[in-house]
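In the numbering used here, the protein residues as written are 64 to 444. Cβ atoms here follow ideal geometry from the backbone N, Cα and C, with glycine treated the same way. Scroll down for the structure; my scribbles are underneath it.
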């Protein structure tokens, strides 16, 4: 029987679309069903829309065809995205749909998380409401403790932040395994309070901020003190990824971030922290006036990269959107780090200038994007 199972795997692998072939071959016998679904279909699940999530939730809770037991063993990555088919592109539709999608899917997603006990990566196109236990939701401790990567929206369009999700809370700490975190905008609101919350993640080593909107301790928009607070609070960080665009007067423009990145310092001589600043330029189609997209087009681009496993690596071929990469190693500077998370850190006096940062610049181009036009006042920075 084991030989027959391997034959089924090889037969699916030889097809142009192995996952579709696996679905077809799995109907042959129960042994092939378990082997093919466990190898090709269940490890990485993509669900588009609330209906898809609801059907998946029903199948595993009712253990249809034994799927409940199979996902507990074989499912390692789940992506839950909005279904945009047939949706009209009105000015504020993105905000409305995102808020509604997050609220409606939170109970369903919690049911899924309680059953997918081998889950290590979760990617959701909404705020992480399903992982927020402040409302008394139970049974999420195992899911929060096993997640190694989380990709989600922090707060769409400057809505209320969900900083409390990241706090460890009562023991045992619920984020023992989380090393990679990506927070998406537009207007991914980050404050010194957010920095303190992220600092509570004990193993966070990789942090990505997509089109962030910074709010300093005085309510201003200065990114420097907030980024420095993140560097100081997250002592295990090895890599920070900042993603924005080249629209100077729009939300998420990277021109606001460059001086702040250059001013960052680490307080430990042996610490190595790398920062990558990605500046994207949208392709021709979205910039046409009749199809003018919000800055959310860059969120969609990053989510698409996440589905392909390219959301941390930007050194491959570029065939969808042009972008440039600026990388720097954060230099060391001896100073006293403020313990008060509500106040921006201030460097101590120094007798010699700090070591200048080391920069790498790389450009990835796609076919000639046209000059953009501004449509929609809510996109202005």
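Could you compute how far the alpha carbon of residue i sits from the alpha carbon of residue j?
{"i": "residue 145", "j": "residue 290", "result": "30 Å"}
{"i": "residue 365", "j": "residue 263", "result": "26 Å"}
{"i": "residue 419", "j": "residue 292", "result": "Low confidence applies to residue 419: its pLDDT is 46, below 50, so where it sits in the model is not reliable enough to give any reading."}
{"i": "residue 238", "j": "residue 111", "result": "26 Å"}
{"i": "residue 322", "j": "residue 331", "result": "22 Å"}
{"i": "residue 210", "j": "residue 196", "result": "15 Å"}
{"i": "residue 344", "j": "residue 385", "result": "5 Å"}
{"i": "residue 240", "j": "residue 169", "result": "22 Å"}
{"i": "residue 118", "j": "residue 201", "result": "22 Å"}
{"i": "residue 105", "j": "residue 148", "result": "24 Å"}
{"i": "residue 125", "j": "residue 134", "result": "12 Å"}
{"i": "residue 371", "j": "residue 107", "result": "11 Å"}
{"i": "residue 253", "j": "residue 94", "result": "50 Å"}
{"i": "residue 230", "j": "residue 103", "result": "35 Å"}
{"i": "residue 279", "j": "residue 324", "result": "15 Å"}
{"i": "residue 369", "j": "residue 379", "result": "14 Å"}
{"i": "residue 123", "j": "residue 359", "result": "32 Å"}
{"i": "residue 375", "j": "residue 257", "result": "22 Å"}
{"i": "residue 285", "j": "residue 333", "result": "28 Å"}
{"i": "residue 299", "j": "residue 288", "result": "19 Å"}
{"i": "residue 96", "j": "residue 367", "result": "29 Å"}
{"i": "residue 281", "j": "residue 316", "result": "22 Å"}
{"i": "residue 377", "j": "residue 203", "result": "33 Å"}
Do residue j and residue i count as a contact pair if the criterion is CB distance below 7 Å?
{"i": "residue 212", "j": "residue 181", "result": "no"}
{"i": "residue 225", "j": "residue 329", "result": "no"}
{"i": "residue 57", "j": "residue 120", "result": "Outside the displayed range of the chain (64 to 444) lies residue 57, so it cannot be described from this structure."}
{"i": "residue 308", "j": "residue 361", "result": "yes"}
{"i": "residue 142", "j": "residue 186", "result": "yes"}
{"i": "residue 179", "j": "residue 161", "result": "no"}
{"i": "residue 261", "j": "residue 294", "result": "no"}
{"i": "residue 342", "j": "residue 387", "result": "yes"}
{"i": "residue 137", "j": "residue 101", "result": "yes"}
Take the Cβ of residue i as the centre, count every other Cβ of all protein chains shown within 10 Å, and call the residue buried at 16 or more, exposed below.
{"i": "residue 277", "result": "buried"}
{"i": "residue 163", "result": "exposed"}
{"i": "residue 166", "result": "exposed"}
{"i": "residue 129", "result": "exposed"}
{"i": "residue 173", "result": "buried"}
{"i": "residue 310", "result": "buried"}
{"i": "residue 159", "result": "exposed"}
{"i": "residue 397", "result": "exposed"}
{"i": "residue 389", "result": "buried"}
Apart from the five residues on each side of it in sequence, which residues of its chain come closer than 6 Å, Cβ to Cβ, to residue i?
{"i": "residue 303", "result": "270, 338"}
{"i": "residue 191", "result": "215, 228"}
{"i": "residue 305", "result": "272, 320, 340"}
{"i": "residue 109", "result": "142"}
{"i": "residue 283", "result": "none"}
{"i": "residue 206", "result": "176"}
{"i": "residue 193", "result": "169, 172, 173"}
What does DSSP give as the partner residues of residue i in its beta bridges?
{"i": "residue 119", "result": "Paired residue(s): none; residue 119 is not in a bridge."}
{"i": "residue 277", "result": "253"}
{"i": "residue 298", "result": "According to DSSP, which records beta bridges pairwise, residue 298 is partnered with nothing at all."}
{"i": "residue 212", "result": "184, 243"}
{"i": "residue 287", "result": "Residue 287 is not bridged to any residue."}
{"i": "residue 341", "result": "306, 388"}
{"i": "residue 270", "result": "244, 303"}
{"i": "residue 293", "result": "According to DSSP, residue 293 bridges with nothing at all."}
{"i": "residue 448", "result": "Within the shown structure, residues of the chain are numbered from 64 to 444, placing residue 448 beyond reach of any answer."}
{"i": "residue 173", "result": "Residue 173 is not bridged to any residue."}
{"i": "residue 140", "result": "107, 184"}
Kindly list the residues whose CB is nearer than 8 Å to the CB of residue i, restricted to its own chain and excluding five residues on each side of it in sequence; keep chain order.
{"i": "residue 301", "result": "268, 269, 335, 336, 337"}
{"i": "residue 242", "result": "211, 212, 266, 267, 268, 269"}
{"i": "residue 132", "result": "126"}
{"i": "residue 114", "result": "146"}
{"i": "residue 373", "result": "379"}
I'd like the list of long-range same chain contacts for residue i, defined as Cβ closer than 7 Å, with 5 residues on each side in sequence excluded.
{"i": "residue 318", "result": "311"}
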